[in-house]
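Report on the structure given below.
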Amino acid sequence: MRSELAAVLSGAVEPLRSSEPLAGPPVSAQAASLLEEATDLLVLHRDFAAAVERCEAGCDSLGPAAGTGSSAEVKCSLCIVGIQALAEMNRWREVLSWVLQYYHVPEHLPPKILELCILLYSRVREPQVMLEVGSSWLRDITNKSLSEYGSLLELYLLRVLLPLGQFEGAEDLVRGCDVSDSVQQLALLKTICESQCQWTQQEEMHSAAEEQQDTTRETVLGALSQKLLTMLTLLRRALRSMSSHFYLIPYKKMLLAAFMLYLVVVRLDPASPMSLPFLYRLVQLFQQACAAVCSPIRRPPVQD
């Protein structure tokens, strides 16, 4: 995940090094030095935590006055390096709040940072994080005059609104924003329409698949219920047959046999001649009991 995020971020924008020429008034030497240190820590030493610390120190050294010119560019580059370092540490959830602590409101975010955040949260499948931020930035009057406005509008639609199914909001945003190129506006509206059609088709296919699964589940449950009912019927018949045999057992003869066995074993000597009549009678009783239990059930004949 970290390598994929790094690839996305590195392909989006490149951090500004302090050795590059800057337009406007001279920037703070401390901020430029911290930017160079943070870039080296990120790229060469792979010390991401230290890179974030240098970026925070650089942004703090610039203060709130870094709104335009070279100071604004250095501040933007510091934030870009910090975003990349946070992503490398798999702390992408902190990116938006970390950036907003230096720009305070979404409308003040530089286009590069907004683009980076949209790409980041789209890559981790959480585009809803940028829903309100992107909408606030695009509806700001000052931002509409920027040259990057059209590309950011398209990126916001493709990566945030359309994946979330916000088709009405996307159409209202395109119609309400002052897009200089009417061809781009028509292309965006066409993209919204096509995406909505695909979304509807996917929902229909998903609903059909769920209905098919429900039907299959009901069929399987019905077959299992039928098998269970058959097994219970067979079990009931077996229990009824066993109970019928159980009621045919001659209890009196069994008690008499038990008493005679007690006399032969406990009171008499089984080897003595006096015990032979008792043993013979005992064998007869057991044979009669076994015959009564093991014999088939006799049912009364059916009368017409």
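The sequence shown begins at 1 in UniProt numbering and counts up one residue at a time. Glycine included, each C-beta is placed from N, C-alpha and C at the ideal position.
Using CA atoms only, rank isn't needed, just tell me which of the options is closest to residue i.
i: Cys177; options: Glu194, Pro163, Gly165, Leu157; result: Leu157
i: Glu56; options: Arg46, Pro110, Gln30, Val43; result: Gln30
i: Trp137; options: Cys117, Ala238, Thr219, Thr191; result: Cys117
i: Val124; options: Arg93, Tyr103, Ile113; result: Arg93
i: Trp199; options: Gly165, Glu171, Lys190; result: Gly165
i: Tyr121; options: Ser61, Ser225, Arg159; result: Arg159
i: Ile192; options: Met205, Glu171, His206; result: Glu171
i: Leu109; options: Lys227, Thr230, Tyr280, Leu146; result: Leu146
i: Arg139; options: Gly169, Gln226, Val129; result: Gly169
Pop quiz: residue i and residue j are said to be a contact at Cβ under 8 Å. What is the actual Cβ separation, rounded to whole angstroms?
i: Leu96; j: Val52; result: Contact flag wrong, Cβ pair sits at about 15 Å.
i: Ser78; j: Gly63; result: Just to set this straight, residue 78 is Leu in the shown sequence, not Ser. No, Leu78 and Gly63 are not in contact; Cβ-Cβ is about 13 Å, not under 8 Å.
i: Pro106; j: Glu148; result: With a Cβ gap of about 15 Å, Pro106 and Glu148 do not count as contacting.
i: Ser61; j: Leu34; result: 7 Å
i: Glu115; j: Leu155; result: 6 Å
i: Gly150; j: Gln184; result: 6 Å
i: Gln201; j: Phe167; result: Not confirmed; about 14 Å, so no contact.
i: Leu189; j: Val174; result: 6 Å
Please classify residue i: does DSSP put it in a helix, a strand, or coil?
i: Cys177; result: coil
i: Ser147; result: coil
i: Asp47; result: coil
i: Ser71; result: helix
i: Glu218; result: helix
i: Thr200; result: helix
i: Ala23; result: Confidence at Ala23 is low in this model, with a pLDDT of 45, below 50, so the placement of that residue should be treated as unreliable; the coordinate-derived value is given next. Looking at Ala23 - three-state DSSP - the assignment turns out to be coil, as it is neither helix nor strand.
i: Thr39; result: helix
i: Asp172; result: helix
i: residue 342; result: No information on residue 342 is available, as it lies outside the stretch 1 to 304 that the chain covers here.
i: Val105; result: coil
i: Ile80; result: helix
i: Asp60; result: helix
i: Leu119; result: helix
i: Thr233; result: helix
i: Ile141; result: coil
i: Arg159; result: helix
i: Arg240; result: helix
i: Val283; result: helix
i: Gly165; result: coil
i: Met205; result: helix
i: Val99; result: helix
i: Arg125; result: coil
i: Met130; result: helix
Please report whether the beta-carbon of residue i lies at a distance below 8 Å from any beta-carbon of chain C.
i: Glu94; result: Looking at the structure shown, chain C is missing, and only one protein chain is on hand.
If I measure Cβ to Cβ from residue i and keep anything under 6 Å in the same chain, skipping five residues before and after, which residues do I get?
i: Ala38; result: Ala51, Arg54, Cys55, Val81
Say the cut is 7 Å; is the CB of residue i nearer than that to a heavy atom of the ligand HEM?
i: Ile80; result: Summarising the ligand content, the structure contains no ligands, and the ligand HEM is consequently not present.
In chain order, what residues of the same chain have a beta carbon less than 8 Å from the beta carbon of residue i, not counting five sequence neighbours either side?
i: Glu211; result: none
i: Val283; result: none
i: Ile113; result: Cys76, Cys79, Ile80, Ile83, Val99, Tyr103
i: Ala49; result: Ala85, Met89
i: Gly222; result: none
i: Thr142; result: Glu107
i: Glu204; result: none
Apart from the five residues just before and just after residue i, which ones in its own chain have a Cβ nearer than 7 Å to its Cβ?
i: Met130; result: Cys117, Ile118, Tyr121, Val160
i: Gln128; result: Leu164
i: Asp47; result: Leu41
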